[in-house]
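With the first letter of the sequence shown counted as 1, position 2 gets the number 111 in my numbering; the numbers rise by one all the way through.
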Amino acid sequence: MKKPILLLAFCCFIFGYKAQVSFSFAQKNQTLRNKKNIQYYNNTPVKTGEEVIWWEDFNGGLPEGWTIVDSSGYDMPWIWTTDSIYGAYAHGYINSETAENGFIAMNADGYNTVPQFDPDGELADTLIDVDSYIQTSPIDLTNYTNGVIIQFHQQYVSFWGMHFYLEISNDYNPQNPDEANWIYYTCNWEESSGESTIDKTMKFELLGDYITQGALTLRFHAFNSTHHYWCVDDIKISELLHNNLVNLQTLNLYEWDTIFFEHNILYGGLFYQIPKNQTQAFVGFISYVKNESTNEQINAKLKTEIIYTPLLNSNDSVVFQSFSEQNNIPPFHIDTLESFVNYIPDKLGYYTIQHTIEMDSTDEYPEDNTDSFHFIVNDSTYSRVSDSITSSIATRNYIGGGNDGNGIGVMFSIHNSTEVEGIRWYFSKKNAQFFELINQGSFKYTCKLFAATSCDSVYHFCDWQTTPIISSLEYTIELSDTGKWIFTPFEKNGSSEFLEQGSYLAFIETGTGVGTGEDYPVGFYIGEDLSIPQPTRGIAFLWVDNSWGWIKRNPSIQLIIAAENWTGNDGVGVEETKNSNAKGLILHQNYPNPASAKTVIKYSNDKSENIDFKVYEITGKLVFVKKSENVPAGTHVINLDISNINSGIYYYTIKTNQTEVTKKMVVIK
Numbered sequence: 110m111k112k113p114i115l116l117l118a119f120c121c122f123i124f125g126y127k128a129q130v131s132f133s134f135a136q137k138n139q140t141l142r143n144k145k146n147i148q149y150y151n152n153t154p155v156k157t158g159e160e161v162i163w164w165e166d167f168n169g170g171l172p173e174g175w176t177i178v179d180s181s182g183y184d185m186p187w188i189w190t191t192d193s194i195y196g197a198y199a200h201g202y203i204n205s206e207t208a209e210n211g212f213i214a215m216n217a218d219g220y221n222t223v224p225q226f227d228p229d230g231e232l233a234d235t236l237i238d239v240d241s242y243i244q245t246s247p248i249d250l251t252n253y254t255n256g257v258i259i260q261f262h263q264q265y266v267s268f269w270g271m272h273f274y275l276e277i278s279n280d281y282n283p284q285n286p287d288e289a290n291w292i293y294y295t296c297n298w299e300e301s302s303g304e305s306t307i308d309k310t311m312k313f314e315l316l317g318d319y320i321t322q323g324a325l326t327l328r329f330h331a332f333n334s335t336h337h338y339w340c341v342d343d344i345k346i347s348e349l350l351h352n353n354l355v356n357l358q359t360l361n362l363y364e365w366d367t368i369f370f371e372h373n374i375l376y377g378g379l380f381y382q383i384p385k386n387q388t389q390a391f392v393g394f395i396s397y398v399k400n401e402s403t404n405e406q407i408n409a410k411l412k413t414e415i416i417y418t419p420l421l422n423s424n425d426s427v428v429f430q431s432f433s434e435q436n437n438i439p440p441f442h443i444d445t446l447e448s449f450v451n452y453i454p455d456k457l458g459y460y461t462i463q464h465t466i467e468m469d470s471t472d473e474y475p476e477d478n479t480d481s482f483h484f485i486v487n488d489s490t491y492s493r494v495s496d497s498i499t500s501s502i503a504t505r506n507y508i509g510g511g512n513d514g515n516g517i518g519v520m521f522s523i524h525n526s527t528e529v530e531g532i533r534w535y536f537s538k539k540n541a542q543f544f545e546l547i548n549q550g551s552f553k554y555t556c557k558l559f560a561a562t563s564c565d566s567v568y569h570f571c572d573w574q575t576t577p578i579i580s581s582l583e584y585t586i587e588l589s590d591t592g593k594w595i596f597t598p599f600e601k602n603g604s605s606e607f608l609e610q611g612s613y614l615a616f617i618e619t620g621t622g623v624g625t626g627e628d629y630p631v632g633f634y635i636g637e638d639l640s641i642p643q644p645t646r647g648i649a650f651l652w653v654d655n656s657w658g659w660i661k662r663n664p665s666i667q668l669i670i671a672a673e674n675w676t677g678n679d680g681v682g683v684e685e686t687k688n689s690n691a692k693g694l695i696l697h698q699n700y701p702n703p704a705s706a707k708t709v710i711k712y713s714n715d716k717s718e719n720i721d722f723k724v725y726e727i728t729g730k731l732v733f734v735k736k737s738e739n740v741p742a743g744t745h746v747i748n749l750d751i752s753n754i755n756s757g758i759y760y761y762t763i764k765t766n767q768t769e770v771t772k773k774m775v776v777i778k
């Protein structure tokens, strides 16, 4: 939370407890943590550094010889699990390479949730600090005289006051454990940024003069934390090289919201899908580069290429290239390489922004020199996320649980006037646990669109109106909606659906009455996409306690706008009816477009008559037909299921006795 009123509410909630709570460990996790697996170890010297010399991916359980020590006095140990981490502040699965075969977790959130591990529970009264570590058996790396890189993937929810450390000793003796000396690496160094999900790979260097003194013992130690879990997976150790630059992270600077921010830049949180009539310029690229080697690297520079692929064309082409200035980077230092540009992606299709670090010497491990970002220019879907779901966000639980009735929204910038159609969002599979309430019809929602009243040009967050400019009907969730994308159209009135330039919030509400402060009995989980870089400034907003506040998350919420009638020279040109209004028959562009599972097609006619509806492949093959029927005058909607057809360009046609209108749609899987 970034708004002061929300921070104050949070602090009051956390420190307002008086009763003491004793916990017992969940039976399911007790069973899981007792499983064993083979510890992977490679004693063969690796000269190039291109292969990992020791690794652990927790395949099937905890490794043999590892130790768990819980000093809290309340049975709050580390666990092994393949399941989502549950609790009042927990958000989902770690986004690691091998999450499906298991990972380790300190579930401080679950331990302090009542009832324990309840994904819908509130924080306990009183909160109890965890103090627990999980420790490896000794790892003999004394032959690697250059030194080593220790890396692992982690996920946690950042907040002030918690302590997560990687602790390393080269003289640990289980017979005299208290005499060991430890060095400490802070793993939650981003905690000062406030509440946000951190899901990333961490790396630490150990020089040869340390590791040659004895076998290494690693500890993952969490203490002084009452909630905000910590998950760890895919621990790897590789040899330190003589020449190796690592592209830690690249920021793609996209021109954002010229009304309020006067051409200021949003760092991160880019749009993954951008309607063509809303594209703006990329104005620069910044890479943070680390020298993870023993030699100084001379003339390091950032090379950026933008690669374009038409929607139905496998031929890639480099459409833009830039270089930064050259810097010399000393061993183990981090430097910043920048290039400032002006490039607008103006064609429909797929784009890849590929950043590569180059230098004078030959990099011994070039695989970590490159960072890339993918996005799609389409005609109707505006989105900061892909269709992939890697986590979930609750419409509650941002002040310790129990705040049902709140909603969550995502900010979008409209640069050119357009017509809005509705909101597409993901009803998380995590909601399946509430099947009884869903079957009772207790899960209701409304989609709304709010306009910004003001935006702060320093902190880059907006305040929003409390009355929406346009809304959907209130809908009741069905059990079949669980784990699916839902498209919700707005109720148009002939004026509110037309948006002018400005900032807007696409909002999913768990009831009615945003702005009234009402509290509703049921909230739910919305998907999140951690595969897309998260923003360093707020683009996701909550309504809590009669106030807007922002969080650093990336909810799976997409804004669907009216499509342009595009044809011609975009690499996807086809023939279609140029005049969509033929003798009173109006056929609209489908939305979303491109579509992957379902799409909505709207048409209207000024009289009652027989209507045929057909869908063709680009080759002319008929793939769908709706039998002719007499349709009354007015506007009608066809909900088309395209889940069983392949990616490609298709035509859809509305035909009466005298008129036929055709448009195209794009299907991507």
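Idealized CB from N, CA, C, for every residue including glycine.
Beta-bridge pairing of residue i - partner residues as DSSP gives them
i: cysteine 556; result: Ile617
i: serine 448; result: Phe394
i: lysine 345; result: Trp164, Gln260
i: glutamate 718; result: Val740
i: glutamine 667; result: Ser492, Arg533
i: tyrosine 700; result: Val709
i: glycine 458; result: Val486
i: asparagine 352; result: DSSP lists no partner for asparagine 352.
Reduced DSSP category for residue i - H, G, I as helix; E, B as strand; rest coil
i: glutamine 767; result: coil
i: alanine 324; result: coil
i: proline 475; result: helix
i: aspartate 287; result: helix
i: tyrosine 202; result: coil
i: isoleucine 547; result: helix
i: asparagine 753; result: coil
i: glutamine 610; result: coil
i: alanine 197; result: coil
i: glutamate 405; result: coil
i: lysine 312; result: strand
i: serine 489; result: coil
i: glutamate 583; result: coil
i: tyrosine 183; result: coil
i: serine 640; result: coil
i: serine 433; result: coil
i: glutamine 389; result: coil
i: tyrosine 381; result: coil
i: leucine 694; result: strand
i: serine 334; result: strand
i: glycine 317; result: helix
i: aspartate 590; result: helix
i: lysine 538; result: helix
Buried or exposed (CB count within 10 angstroms, at least 16 for buried), residue i
i: glycine 170; result: buried
i: aspartate 218; result: buried
i: histidine 330; result: buried
i: valine 529; result: buried
i: histidine 697; result: buried
i: histidine 337; result: buried
i: glutamate 600; result: exposed
i: asparagine 512; result: Low per-residue confidence applies at asparagine 512: pLDDT is 44, beneath 50, and the placement is therefore not dependable enough to give any value.
i: histidine 464; result: buried
i: valine 427; result: exposed
i: tyrosine 293; result: exposed
i: asparagine 690; result: With a pLDDT of 47 at asparagine 690, under the threshold of 50, the predicted position of this residue should be treated as unreliable, though the coordinate-derived value follows. By the neighbour-count rule (16 or more Cβ atoms within 10 Å), asparagine 690 is not buried but exposed.
i: threonine 585; result: exposed
i: glycine 182; result: exposed
i: glycine 743; result: exposed
i: proline 701; result: buried
i: glutamine 767; result: exposed
Beta-carbon separation (whole angstroms), residue i vs residue j, contact threshold 8 Å
i: glutamine 610; j: serine 492; result: With 8 Å as the limit, glutamine 610 and serine 492 do not qualify as a contact, their Cβ atoms being about 19 Å apart.
i: isoleucine 747; j: valine 776; result: That belief does not hold up - the Cβ atoms of isoleucine 747 and valine 776 are roughly 15 Å apart, past 8 Å.
i: glutamine 430; j: lysine 410; result: The pair is not a contact, with the Cβ atoms about 12 Å apart (cut-off 8 Å).
i: methionine 311; j: glutamine 263; result: 6 Å
i: leucine 457; j: valine 486; result: 5 Å
i: tyrosine 613; j: phenylalanine 521; result: 5 Å
i: arginine 662; j: phenylalanine 596; result: Wrong, their Cβ atoms sit about 22 Å apart, outside the cutoff.
Item to complete: Note down, one range per segment and in chain order, each beta strand (DSSP E) of at least 3 residues found wholly within the region 212-259.
Response: 212-215, 239-244
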